[in-house]
Structure formats: C-alpha cells, structure tokens
Amino acid sequence: MVEDTKQFYRIAIVGGTGKEGKGLAYRWVLAGHEVIIGSRQYQKAQRAVAIVNELFDEESDLLKGMENKDAVEACDIAVITVPYAAHRPTLESLKDVLDGKIVVDVVVPIVPPKVTKVQMPPEGSVAQEAQAILGDNCNVVDAFQNISHERLLAEGDVDCDVLVAGKGKAARQIVLGLVKDTGLKGWDAGQIENCVVVEGLTSVLIGLNIQHHVHASGIRITGILNQV
Ligand SMILES: NC(=O)c1ccc[n+]([C@@H]2O[C@H](COP(=O)([O-])OP(=O)(O)OC[C@H]3O[C@@H](n4cnc5c(N)ncnc54)[C@H](OP(=O)(O)O)[C@@H]3O)[C@@H](O)[C@H]2O)c1
Numbered sequence: 000m001v002e003d004t005k006q007f008y009r010i011a012i013v014g015g016t017g018k019e020g021k022g023l024a025y026r027w028v029l030a031g032h033e034v035i036i037g038s039r040q041y042q043k044a045q046r047a048v049a050i051v052n053e054l055f056d057e058e059s060d061l062l063k064g065m066e067n068k069d070a071v072e073a074c075d076i077a078v079i080t081v082p083y084a085a086h087r088p089t090l091e092s093l094k095d096v097l098d099g100k101i102v103v104d105v106v107v108p109i110v111p112p113k114v115t116k117v118q119m120p121p122e123g124s125v126a127q128e129a130q131a132i133l134g135d136n137c138n139v140v141d142a143f144q145n146i147s148h149e150r151l152l153a154e155g156d157v158d159c160d161v162l163v164a165g166k167g168k169a170a171r172q173i174v175l176g177l178v179k180d181t182g183l184k185g186w187d188a189g190q191i192e193n194c195v196v197v198e199g200l201t202s203v204l205i206g207l208n209i210q211h212h213v214h215a216s217g218i219r220i221t222g223i224l225n226q227v
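For the sequence shown, the positions run 0 to 227 when numbering that gives the first Met the number 0 is used.
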C-alpha cells in the first residue's frame with residue numbers, strides 16, 4: 000500500500016478578509032487545510048468566514064476567523080494578502096509572531112495611479128522588503144501574485160500557472176505543495192532576488208487586462224515535457 004504523505008497545515012491569511020485572501024481560503028479548505036482568516040477586526044474576520052462558508056455545501060470546521068496577531072500565533076504558515084501600502088506596517092506589527100515561520104507573500108507593489116507600470120520597492124521586491132523586516136529566521140516566499148481572485152473563487156480549473164520564488168529551497172517546496180492544493184500548477188522560480196520578475200509580471204497582466212477588456216489574464220510555462 001502506498002502511504003499518503005500529504006501534509007496538512009494550519010494557514011493564517013493576514014488580510015484574508017479581502018478578495019485574494021478569501022479566494023485562497025476557499026481553495027485551501029477544499030484541499031483539507033485548516034485556514035484562519037486574519038483581520039484587524041475580529042468581527043470582520045467572522046463575516047469573511049461566513050462569506051467563504053457560503054461557497055461550501057455545509058459550514059466547514061476547517062475555517063476560522065481571528066485578529067491578525069492571534070491568527071499568526073496559531074498558524075504553521077502565514078500568508079500576507081494586504082494592499083502594498085499596508086505591507087510594511089503590517090509586517091512590522093506582526094514581526095514577533097512571524098518569527099521562524101514560512102511567510103507566503105502575495106502582495107504586489109502596485110502604486111496607484113500607475114498600476115500598469117512596474118514599480119519596485121528600494122529593497123528590490125516586496126518579498127525582499129519583507130525578508131529585511133522579518134530577518135533571517137523567516138523564509139519569505141512569493142506566490143499567487145499573477146492569479147486573480149476571480150479565478151480562485153470560480154469553480155474548476157484555473158487557467159494560469161504560479162511562479163514560486165523566495166528564500167530556501169525547502170520552503171519553496173512546501174509552498175509549491177500549497178499551490179498544488181489550490182488546483183494550480185506551480186513552478187520553482189528560484190531565489191528571493193527573482194521575486195522582482197514574479198511581482199513585476201502583475202503590472203504587465205493588468206495592462207493586458209485593460210487592453211483586451213478582460214479581468215483575469217494569466218501566465219503559462221510551456222516547453223517542459225513530463226511535468227509532474
Ligand atoms: N485581488 C487580486 O486579484 C490579487 C491578485 C494577485 C495579488 N493580489 C495582491 O494581494 C494583496 C491583497 O489584494 P486584495 O485585492 O485582496 O486586497 P483588498 O481586498 O483591498 O485588501 C485585503 C485586506 O487587507 C486589509 N487591509 C486593508 N488596508 C489595510 C491597512 N491599511 N492596514 C492593514 N490591513 C489592511 C483589509 O483587511 P482588514 O480590514 O480585515 O484588516 C483588507 O480586507 C494585494 O497586495 C494585491 O496586490 C491581489
């Protein structure tokens with residue numbers, strides 16, 4: 000008999016009350032992970048839990064809502080889905096509880112009004128900004144920057160791949176597993192310096208959305224046979 004080696008995690012989504020966070024929560028609960036939707040306000044987290052639960056046939060015991068700090072304290076892996084303007088203050092306020100964890104950064108450095116122009120922070124990327132704030136004891140890994148929440152919340156196949164880049168191959172492997180559990184194909188895009196490409200692509204995709212009057216253009220890696 001083949002042993003089932005699938006790992007289940009308790010995942011906290013900081014700012015999980017938003018569009019992208021709810022989409023990820025929905026997909027991970029479907030895959031059997033425990034998900035804590037984090038918010039600055041406990042009641043807002045509970046409302047988001049109720050909204051995501053409406054997508055299931057019945058209320059899920061795997062889904063909870065907490066204030067961001069409590070959510071991160073209780074989790075194995077933290078996911079950051081706040082607007083870029085809130086990225087630094089949010090991480091600074093959660094630094095102690097994030098210590099030693101894998102931090103999946105979903106944040107894109109969108110700086111309105113020029114949302115179709117790539118605008119990277121001085122550290123090189125949002126992920127590098129996070130790594131500098133949190134220190135070496137954390138592993139910051141970028142993922143899902145190029146996936147629209149509309150695709151995550153829709154049923155079925157998401158026609159888009161996920162580039163995973165960040166600190167530490169082992170951490171990237173864990174995040175690639177979480178990507179697979181959302182039903183998407185992930186690719187190891189390498190070390191944290193490569194996050195500039197992952198994050199920068201989103202502005203390009205927003206520009207394509209505007210040009211072609213769509214909401215959710217995405218990317219595919221091609222030319223690799225026998226992909227697992
Ligand atoms: N939406 C997408 O399709 C998409 C796709 C790829 C990547 N992303 C990235 O994912 C991140 C989240 O996107 P989103 O569309 O989900 O954003 P959003 O809905 O605008 O915001 C997400 C949550 O962030 C929290 N937040 C807002 N302002 C804050 C502040 N000043 N301080 C602390 N927390 C604050 C709020 O949670 P509480 O009020 O509950 O605390 C809010 O519900 C962004 O960085 C975005 O670039 C989004």
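We put the CB at the ideal spot given by N, CA and C, even for glycine. For clarity, every value in this text was computed on a predicted model and none was experimentally measured.
Secondary structure of residue i, DSSP reduced to three states
{"i": "Ile223", "result": "coil"}
{"i": "Gly155", "result": "coil"}
{"i": "Ala164", "result": "strand"}
{"i": "Val28", "result": "helix"}
{"i": "Gly134", "result": "coil"}
{"i": "Ala215", "result": "coil"}
{"i": "Lys184", "result": "strand"}
Distance cut-off 7 Å: residue i Cβ against heavy atoms of ligand 1
{"i": "Ala153", "result": "no"}
{"i": "Gly182", "result": "no"}
{"i": "Tyr41", "result": "no"}
{"i": "Ile109", "result": "yes"}
{"i": "Phe55", "result": "no"}
{"i": "Glu19", "result": "yes"}
{"i": "Val81", "result": "yes"}
{"i": "Gly14", "result": "yes"}
{"i": "Pro120", "result": "no"}
{"i": "Gln144", "result": "yes"}
One or two residues paired with residue i in a DSSP bridge
{"i": "Asp104", "result": "Ile79 and Asp141"}
{"i": "Ser38", "result": "Glu66"}
{"i": "Glu12", "result": "Contrary to the premise, residue 12 reads as Ile rather than Glu in this sequence. Partner(s): Ile36 and Val78."}
Residue i: CB within 7 Å of a non-hydrogen atom of ligand 2
{"i": "His148", "result": "In terms of ligand content, the structure shown lacks ligand 2 and carries ligand 1 instead."}
Inter-stretch contact at 8 Å, needing at least 3 Cβ pairs: the stretch 178-194 / the stretch 151-167:
yes
Are the stretch 51-65 and the stretch 76-93 touching, with three or more C-beta to C-beta distances below 8 Å?
no
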